Amino acid sequence: MDLAMSNSGAAGSGAASRETVDRIKRVFVSSLHLNLTEADLAYEQQLDELVGLDSLAVIEFVTAIEKEFGIRIEPELLRLDFVRSLPRLSAYVEDRVAQVRRFSA
Amino acid sequence: MQFRARVPKQRAIRRILALRPGSTPAQAVKIARHRIDSDLFRLWDDLLLPLPSYAQRLQCTGIEEIQYLDQALAAGNGVILLTLHFGANRPALKHLATLGYPTLSLQDQTSRNPRQGRLGRVLRKRYIEFLRRSYPDVVYVQDPECSLKILRRLRSGGLVHMNLDVLNVKTAVEGAFLGVSWRFPVGVFDLVRLSGCAVVPMLCLTRSAGFQIRFDPMLDVVRAASRDEFVHANLPAFTGVFERQIAAHPEQWRPWTWR
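Protein chains in written order, with the working numbering: chain A, 1 to 105; chain B, 1 to 259.
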């Protein structure tokens, strides 16, 4: 079973807001010290190139997202196919943030 | 075999004399000879590992200070078992798995010998495949998902094995080791920094009757935000524990003879 699909389906079934997507893009650029503007960013292509150069870049990015949004991504979702899909990642992050808010309320 | 062993032995003697200032030439020769012998033991161990009866043939003669590993695991952030290239790492990992400590081991699929020919590359590929069959819980540095797989294991509270003294390092940090400048893989430090996992040094020694495992106390990791700060704050503690391992068991440290 594709855990990434099943979990993101449960957690990120809807489309993420533009704001969340933009925040993730900003984290991507800043955490990896990329010399890019958001307009230049072809997210998947850039991520693939970075991972090809250094697989550690992806965990630098993942932990930066967690810090930015105050969430913890579940271990079973730590997969390249999940992280490189910006719509799925954004939807998941939004759902996790909502979960954290519900727990802390 | 005598002729083939002579070149690495001479290389080892030169390195031992250079890196262990207290050693006399006679001691260096003795250490180098034992070092070559332990390579033969290791090859023999590799051949035995896939056999169903390996545990009878390749006995663990003792595990010391396993409480350090249990304490680190109890923290729940995962543990990196950090080793140098000593003789018995592979049988030790397999034995630990049978005791309920399954460990993901980070390996390199490529050879450290840049002058190896086509036959060497083919044989290396087969050897790696052979080793993977005897210990399948491995991830290769060539895998683009390698660091995510490691993080996944650590986040699940599991164990990951890594060597600190690797030769093929893409991104390295330099530090003093045995009195000279060495290149260490920055990935070890990044994983510890980003995952918040514990680090437990492990020593796996080949003995005539089998092999022996010893754990050192969990390293006291200084947390820092940036890679440079983190490496600067922690490298001396990481290398110090392994310098002591080499000082105590120089004959079993494999890189003496590496090119």
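Idealized CB from N, CA, C, for every residue including glycine.
Bear in mind the structure is a predicted one, so any value in this text is a computation, not a measurement.
At a cut-off of 9 Å between beta carbons, residue 88 of chain A makes no contact with chain B. When DSSP reads this structure, residue 60 of chain B sits in a beta bridge with B/211. When secondary structure is reduced to three states using DSSP, residue 135 of chain B falls in the coil class, being assigned neither helix nor strand. For residue 241 of chain B, the closest alpha carbon among the candidates B/95, B/227 and B/221 is that of B/221. In chain B, no part has a C-beta under 9 Å from the C-beta of residue 32 of chain A; the shortest such distance is about 12 Å. When C-alpha distances from residue 142 of chain B are compared across B/172, B/108 and B/189, the shortest belongs to B/108. Chain-ordered listing is empty here: chain B has no CB closer than 7 Å to the CB of residue 47 of chain A, the nearest sitting near 10 Å. Using a CB distance below 7 Å, the part of the stretch 53 to 76 of chain A facing chain B consists of 54, 55, 56, 58, 59, 60, 63 and 75, ordered along the chain. In this structure, residue 61 of chain B lies near residue 211 of chain B, with their beta-carbon atoms less than 9 Å apart. Under the Cβ distance rule, residue 148 of chain B counts among the residues neighbouring chain A, one pair being separated by less than 9 Å. Sequence-ordered contacts of the stretch 131 to 159 of chain B with chain A read 144, 145, 146, 147, 148, 151, 152, 155 and 156 [C-beta pairs closer than 7 Å].
Residue ranges of uninterrupted beta strand (DSSP E) with 3 or more members, entirely inside the stretch 139 to 216 of chain B and ordered along the chain, are 159 to 163, 172 to 177, 180 to 185, 198 to 207 and 210 to 215. With distances taken between CA atoms, residue 195 of chain B lies nearest to B/157 out of B/181, B/238, B/168 and B/157. Against chain A, a Cβ distance below 7 Å from residue 194 of chain B picks out 59, 60 and 63. With a contact defined as Cβ atoms closer than 8 Å, residue 90 of chain B and residue 51 of chain B miss out at about 13 Å. By the rule that beta-carbons nearer than 9 Å mark a contact, residue 186 of chain B touches chain A.
Under a 10 Å Cβ-count criterion, residue 44 of chain A is classified as exposed, with fewer than 16 other Cβ atoms of the shown protein chains found around its own Cβ.
Identification of chain A residues near residue 171 of chain B by a Cβ-Cβ cut-off of 8 Å yields 54 and 56, ordered along the chain. Taking a Cβ-Cβ cut-off of 8 Å, the neighbours of residue 80 of chain A in chain B comprise 144, 145 and 148, given in sequence order. In this chain, the alpha helix (DSSP H) harbouring residue 100 of chain A covers 86 to 104. As computed with DSSP, residue 253 of chain B is found in a beta bridge with B/86. A distance of 9 Å or more separates the beta carbons of residue 160 of chain B and residue 98 of chain B. By the C-beta criterion, the stretch 197 to 207 of chain B is judged to be in contact with the stretch 62 to 75 of chain B, since at least 3 inter-stretch pairs fall below 8 Å. With a threshold of 16 other beta carbon atoms within 10 Å, residue 165 of chain B meets it and is buried. Around residue 175 of chain B, the same chain offers 182, 184, 235 and 239 as residues with beta carbons nearer than 7 Å, after the five sequence neighbours per side are excluded. Under the three-state reduction of DSSP output, residue 55 of chain A falls in the coil class, being neither helix nor strand. Contact check for residue 218 of chain B against residue 72 of chain B passes: the beta carbons are separated by less than 9 Å.
The beta carbon of residue 83 of chain B is closer than 6 Å to those of 89, 163 and 202 in its chain, skipping five residues each way along the sequence. In terms of Cβ geometry, residue 86 of chain B and residue 205 of chain B form a close pair [threshold 9 Å]. In the assembly as shown, residue 81 of chain B is a buried residue. Its beta-carbon has 16 or more other beta-carbons within 10 Å. In the structure shown, residue 80 of chain B falls within a strand segment according to DSSP collapsed to helix, strand and coil. DSSP lists B/138 and B/161 as the beta-bridge partner residues of residue 105 of chain B. Contact between residue 58 of chain B and residue 39 of chain B does not hold, since the beta-carbon distance rounds to 16 Å and is not under 8 Å. In this structure, residue 64 of chain A and residue 27 of chain A form a Cβ contact; the two beta carbons are roughly 5 Å apart against a cut-off of 8 Å. Annotation for residue 38 of chain B: the continuous alpha helix (DSSP H) segment containing it runs 25 to 48.
When 8 Å is used as the limit between beta carbons, residue 190 of chain B is near these residues of chain A: 56, 59 and 60, in chain order.
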